[in-house]
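See structure below.
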Amino acid sequence: MKIQEIQGNRDSGLLDALTEVWNESVRTSHHFLSEPDIEQLKPYVDMALREVEHLVVVYCGQQAKGFMGIQGDKIEMLFLSPECIGQGWGSILVDRAIGFYGATKVDVNEQNDQATRFYLHKGFRIMSRDALDEQGNPFPILHLTR
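Residue numbers (full-length UniProt numbering): 1 to 146.
Shown next as structure tokens:
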């Protein structure tokens, strides 16, 4: 596997592949989301992938298997294909976010216990909680910092 920051144009083929990684990852880890919830979030994912300051992609051969988006000092998104979860790639990405990009913050869905434990293990701590997500849905968000 290799890790690469996408510089310049983020073409539609790459964005489609990353949206599919997001889709597979969310269906594995976000059991609290219904099918309509997932479909409602897809346009936000596409927009975030286009606009995030730093987009870092994990490749296995030529195929995208994960990605991380960083805006300022915040990890805005980190998703891996289900077969890559537990292989150490999430830790590598977070370490890179902290060491190279200076990330100190991340938000996590409260119902995603695995992600919460992961970030706590990586040295983040819970600073606050919102009862609703950014779209106003009843999916509580934990705000973590290091």
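We treat Cβ as the ideally placed atom computed from N, Cα and C, and that holds for glycine.
Small disclaimer: the values here were computed from a predicted structure and weren't measured.
Could you give the first and the last residue of the continuous beta strand (DSSP E) run that contains residue i?
i, result
"Gly123", "Per DSSP, Gly123 belongs to no beta strand (DSSP E) and is neither H nor E."
"Gly69", "63–71"
"Leu144", "141–145"
"Phe79", "74–80"
"Ile3", "2–5"
Roughly how far, in whole angstroms, is the beta-carbon of residue i from the beta-carbon of residue j, given that I think they are within contact range, below 8 Å?
i, j, result
"Val56", "Arg117", "In fact, because the Cβ distance is near 22 Å, the residues do not count as touching under 8 Å."
"Gln40", "Glu53", "Gln40 to Glu53, Cβ: 25 Å. No contact."
"residue 150", "Ser25", "In the structure displayed, the chain extends from 1 to 146; residue 150 sits before or after that span and is not available."
"Val58", "Met1", "6 Å"
I'd like the span of the alpha helix (DSSP H) that includes residue i, first residue to last.
i, result
"Glu24", "12–29"
"Ala97", "89–99"
Leaving out the 5 sequence neighbours to the left and right, which residues in its chain are closer than 6 Å to residue i when beta-carbon positions are compared?
i, result
"Gln62", "none"
"Met127", "His143, Thr145"
Is there a Cβ from chain D that is less than 8 Å from the Cβ of residue i?
i, result
"Leu93", "The question asks about chain D, but that chain is absent: this structure has only one protein chain."
Whose C-beta lies closer than 8 Å to the C-beta of residue i among residues of the same chain, with five residues either side of it excluded?
i, result
"Tyr119", "Val94, Val106, Val108, Leu144"
Leaving out five residues on either side along the sequence, give the residues of the same chain with a beta carbon under 7 Å from the beta carbon of residue i.
i, result
"Gln114", "Ser29"
* To do: Could you pull out every unbroken beta strand (DSSP E) segment of at least 3 residues lying fully inside the stretch 36–60, listed in chain order?
  => 54–60
* Asked: Are the stretch 126–142 and the stretch 98–111 touching, with three or more C-beta to C-beta distances below 8 Å?
  -> yes
* Asked: Contact between the stretch 5–24 and the stretch 66–81: three or more CB pairs below 8 Å?
  -> yes
* Take every Cβ of the stretch 32–47, pair it with every Cβ of the stretch 119–137, and state whether three or more of those distances are shorter than 8 Å. => The answer is yes - the stretch 119–137 touches the stretch 32–47, with three or more Cβ pairs under 8 Å.
* Asked: Any contact of the stretch 7–16 with the stretch 74–84, i.e. 3+ C-beta pairs under 8 Å?
  -> no
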